[in-house]
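In UniProt numbering, the protein residues as written are 1 to 152.
C-beta atoms are modelled at their ideal positions from N, C-alpha and C, and glycine is treated no differently.
Source: prediction; values computed, not measured.
Laid out in structure tokens, this is it:
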């Protein structure tokens, strides 16, 4: 009886583990774009009273030039509010902000020549940074992010 149960379980396992995919299916398109489509800057700080991380988005005037692969930014620190107090606002500088971007689908980004890592608190005081974006199909474009002005 045990042998019959074991054989039955093996047959069930073999049937359930077989693939339902058929050969000859159409290939999905490979994305060939390596573009920056948007850019953001923010300031992050830890609020001891609330025991949580706070985020203040910085006002941004930007120009994205796809022909020359450049993004030019003018960053303005917004006014105070209930959470973003004058004391916290005074701590904001190019040396402690976060930058992140939107880029082409399935693309990868690599900082070049010591450029700050995006998505983390970094020092952007050098104001001119280069990044390599690689499309899903392997095409590469070198982009420059320039901070033209920082207004506080």
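Distance between residue j and residue i (C-alpha atoms, nearest Å)
i           : j           : result
residue 85  : residue 75  : 19 angstroms
residue 140 : residue 67  : 14 angstroms
residue 61  : residue 41  : 11 angstroms
residue 46  : residue 142 : 34 angstroms
residue 100 : residue 27  : 32 angstroms
residue 114 : residue 149 : 21 angstroms
Three-state secondary structure (DSSP) of residue i
i           : result
residue 38  : strand
residue 62  : strand
residue 11  : helix
residue 51  : coil
residue 110 : strand
residue 25  : coil
Enclosing alpha helix (DSSP H) for residue i [first to last residue]
i          : result
residue 86 : 86-91
Identity of the residue in the options nearest residue i by Cα
i           : options           : result
residue 151 : 118, 52, 73       : 73
residue 92  : 125, 142, 100, 70 : 125
residue 118 : 59, 90, 38        : 38
residue 95  : 88, 104, 105, 122 : 122
residue 120 : 105, 10, 44       : 44
Run of the beta strand (DSSP E) containing residue i, from where it starts to where it stops
i           : result
residue 149 : 140-151
residue 74  : 70-76
residue 128 : 128-134
Subject >> Sufficient close CB pairs (3 or more, under 8 angstroms) joining the stretch 131-145 to the stretch 102-113 >> reply: yes
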